[in-house]
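Trainee: Quick one: this structure, given as structure tokens, is what I'll be asking you about.
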Amino acid sequence: MSEEKSLNFLEEIVEEDLKSGKYASILTRFPPEPNGYLHIGHAKSICLNFGLAQKYGGATNLRFDDTNPVTEDTEYVESIKADIQWLGFQWAKELYASDYFEQLYGFAVELIKKGLAYVDDSTSEQIAAQKGTPTQPGTKSPYRSRSVEENLQLFADMRAGKYKDGEKVLRVKVDMSSPNMHMRDPIIYRIKHAHHHRTGDAWCIYPMYDFAHGQSDSIEQITHSICTLEFIPHRPLYDWLIQQLEIFPSHQYEFARLNLTYAITSKRKLLQLVTEKFVDGWDDPRMPTISGMRRRGYTPEGIREFCERIGVAKRDNLIDVGLLEFCVREHLNKEAQRRMVVFDPLKVVITNYEGVETLKSEDNPEDPNTTYRDIPFSKELYIEREDFMEVAPKKYFRLAPGQMVRLKSAYIIKCEEVVKDEAGNITEVRCTYIPESKSGADTSGINVKGTLHWVSIAHAIHAEVRLYDRLFKVENVANEEGDFKDYVNPDSLQIVQNAYAEPALANAKFSDRYQFLRKGYFCMDKDTSEEKMVFNRAVTLKDAWAKEVKKG
RNA sequence: UGGAUUAUGGUGUAACGGUAGCACUACAGAUUUUGGUUCUGUCUGUCUAGGUUCGAAUCCUAGUAAUCCAACCA
């Protein structure tokens, strides 16, 4: 009866594992390294890991992969937790790979005892040389045949701090001639005399990713350890270590990471944009970070819908940022309060109108139970400068000499006269209004094609409005030659210092979403102060006229 | 150049040997007091060449292309 939604390959695996009784319930994990802020690519992973567990009645752990003290920081831990919760997910346990340092050390000792790990005194250059190349097998380290006793002692000495950084490493004994480079005796422990954000100075040796991640999965009894494609070559090592240690067999599955047009999803590169001041910080509204998107006015619902729609598969992809914008609009259209704000004012004088009256306008026409707000109407108004043309093309149905338009929720007006200064600039448009055309009580029988937003000059309040465009000039940044920073869009931020808003906007709240009629979706920025309101444009409205103009 | 992974409209993603579907985009139209929303319709696709089969996007073989792998990063 119901249209069965097709499953992605991970859902198929989970359903099969549940059906076969391999697992009674599933446990996934989201494993960020706290060395940067989360971005839209992480959002995909979060939705996948938490979503899968949610769908199949399992749970998800948040585990910080904090095995490299020199790049990690609690600032990042806090931002990551905030971002996940803002997206609408809650982890079962908050865990840290560093919680397992003692246990991991024990695993390493066990491998040594089994003759499967050895302390290597080679330099990093020597080890790199021993690795060989993808087409040539590696060679064995001269330290590979040390006795178990000697290895045990040396490893204990490493932990005790008897050696300097880089002097020794612990390597696992796998296969130097494997076609898989990761199996050529990978390093599993290195010496770093560095302060760790959680363990402080308790350790001077730290496990490598390959020896921390899979073992942490196993300790937590993660059933489905989901990561991105570049970890495929690590899977044999992941399985090998679990097998040798005879611990809980977690399994790793890989999906294709998200790539977005006109954006980058590399923590390293995003960090560069921040430190080199191309943007204003990790939460700059132009950034594809979760905190940036939040500040810009994207909603969790919109982002989650996006992650749902892009799907999950194993082939490389480049997703049109337009889809993200579509999802954000779709949600905001239902949520946003409508307000009128003029960015680039043109004065309109209604010559046959006197006094002031209060009109009502719906807060949200999409809401069947919409509330209404008051809007003052008077003789002198501002409309958008681009909503008037002295010489109008055929399909232009905004204001022009002799032409009529409706002022939203108010009256139909007719342009009678254009006033210019000595330089020929239009300074004012003089109109008459049709008294019988009042919104909601229109008996004029006149039909106009255009409806404009407007504000009463005497009642207008002031606000700063920030308009954002894509951060990069090119669609596929990764495919371009040279430095990615050469492709940063210099016009990605446009500030309207003094926009004129209807008075109702004075009551704006940080939590509220707004649609500035015909302008886009906006939210209040944290830079708002007593003196100045600041709004960010999350996304524009679709603009059929702009498209028409572009076509010529 | 060894290994691994992937290949379906412009972009994503389904079809699990039996009618190539859905979404976004684009285009055309209807409705509209937002050139928004909503609604209707249209265009465009199985990497190539062989093979198996009554029947292949799907299975096999050989190509081709893209991505990843030689950090004491994750």
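To convert, note that position 60 of the first sequence is 76 in the working numbering; the numbers rise steadily by one, no gaps. Just so you know, even glycine gets a beta-carbon here, dropped at the ideal spot from N, CA and C.
#1: Can you tell me whether V190 is helix, strand or coil according to DSSP?
#2: Rounded to whole angstroms, how far is the Cβ of K353 from the Cβ of N380, which I believe are closer than 8 angstroms?
#3: Considering only C-alpha positions, which residue in the set H478, L375 and V435 is nearest to G457?
#4: Keeping to the same chain, check which residues put their C-beta closer than 6 angstroms to that of T305; ignore five residues upstream and five downstream.
#5: Quick check: what's the CA-CA separation for V464 versus A408?
#6: Can you name, in chain order, every residue of its own chain whose Cβ lies under 8 angstroms from the Cβ of M224, other than the five neighbours on each side?
#7: Quick check: the Cα distance between I450 and G461, rounded to an integer number of angstroms?
#8: Please report the distance separating the alpha-carbon of L245 from that of P47.
#9: If the criterion is Cβ atoms closer than 8 angstroms, does the pair L470 and I366 meet it?
#10: Use the C-beta contact count for L127: other C-beta atoms within 10 angstroms, 16 or more gives buried, fewer gives exposed.
#11: Alpha carbon to alpha carbon, how far is E370 from Q419? Give it in angstroms, no decimals.
#12: Is K21 helix, strand or coil when you go by DSSP?
#13: Closest to E546 by CA distance: which of Y530, A522 and G568 is it?
#14: Just tell me which of S140, S193 and P150 has its CA closest to the CA of K184.
#15: Among the residues of its own chain, which have a CB less than 7 angstroms from the CB of V30, if the five just before and after it don't count?
#16: Among the residues of its own chain, which have a CB less than 7 angstroms from the CB of M17, if the five just before and after it don't count?
#17: By DSSP, does S394 sit in helix, in strand, or in coil?
#18: If we ignore side chains and look at the alpha-carbon of each, how far apart do E19 and F322 end up?
#19: Mind checking which residues open and close the beta strand (DSSP E) that includes V135?
#20: Between G148 and the rest of its own chain, which residues show a CB-CB distance below 6 angstroms, the 5 nearest in sequence each way excluded?
#21: Quick one: give me the first and last residue of the beta strand (DSSP E) that K375 is part of.
#22: In terms of alpha-carbon separation, which member of G74, W561 and S194 lies closest to Q106?
#23: Is it buried or exposed for F247, if we count other Cβ within 10 angstroms and need 16 for buried?
#24: Under 6 angstroms Cβ to Cβ from L483, same chain only, skipping five residues before and after it: list those, please.
#25: Taking 8 angstroms as the cut-off, decide whether the C-beta atoms of D136 and R175 are in contact.
#26: At which residue ranges does the segment 515–557 contain complete beta strand (DSSP E) runs of 3 or more residues, listed in the order of the chain?
#27: Quick check: what's the CA-CA separation for E518 versus I477?
#28: Closest to N495 by CA distance: which of T277, T467, P361 and H347 is it?
#29: Taking DSSP as the reference, what is the three-state secondary structure of M420?
#30: Closer than 8 angstroms is the cut-off here; do at least three beta carbon pairs connect the segment 81–95 with the segment 107–120?
#31: Classify M197 as buried or exposed, calling it buried when 16 or more other Cβ atoms lie within 10 Å of its own Cβ.
#32: One question on the structure: do K501 and F294 come within less than 8 angstroms of each other, judged by their Cβ atoms?
#33: May I have the straight-line CA-CA distance separating M549 from M356, to the nearest angstrom?
#34: Between the alpha carbons of I263 and M199, how many angstroms are there, rounded?
#35: Return the bridge partner residues of V185 from the DSSP annotation.
Mentor: This is what the structure holds:
#1: coil
#2: The sequence shown places Gln at residue 353, rather than the Lys named in the question. With a Cβ gap of about 6 angstroms, Q353 and N380 count as contacting.
#3: The amino acid at residue 457 is misidentified as Gly; the sequence shows Ala. That would be L375, whose Cα lies nearest to the Cα of A457.
#4: Hits under 6 angstroms: Y53, H55 and W298.
#5: Approximately 15 angstroms between the Cα atoms of the pair.
#6: T83, P202, I203, I204, Y205 and R206
#7: Their backbone Cα atoms lie some 11 angstroms apart in a straight line.
#8: 15 angstroms
#9: Leu is not the amino acid found at residue 470; the sequence shown has Trp there. No, they are not a contact pair.
#10: buried
#11: 22 angstroms
#12: coil
#13: Of Y530, A522 and G568, the residue nearest in Cα terms is A522.
#14: S140
#15: I42, L68, Y72 and H240
#16: With a pLDDT of 32 at M17, under the threshold of 50, the modelled position of this residue cannot be trusted, and the question is left open.
#17: strand
#18: For E19, the pLDDT reaches just 46, beneath the cut-off of 50, and the residue's location in the model is therefore unreliable, although a value from the coordinates is still provided. Each residue's Cα considered, the two are about 21 angstroms apart.
#19: A133 to D136
#20: G154
#21: One point to set straight first is that residue 375 is Leu, not Lys, in the sequence displayed. Segment V372 to E378, the beta strand (DSSP E) holding L375.
#22: For Q106, the closest alpha carbon among the candidates G74, W561 and S194 is that of G74.
#23: buried
#24: Only Q510 and R553 meet the Cβ criterion.
#25: Going by C-beta atoms, D136 is not nearer than 8 angstroms to R175.
#26: Counting only runs of 3 or more, we get 530–532, 536–540 and 550–555.
#27: 6 angstroms
#28: If you compare the alpha carbons of T277, T467, P361 and H347 with that of N495, the shortest gap goes to T277.
#29: strand
#30: yes
#31: exposed
#32: yes
#33: 15 angstroms
#34: 19 angstroms
#35: D136 and R206.
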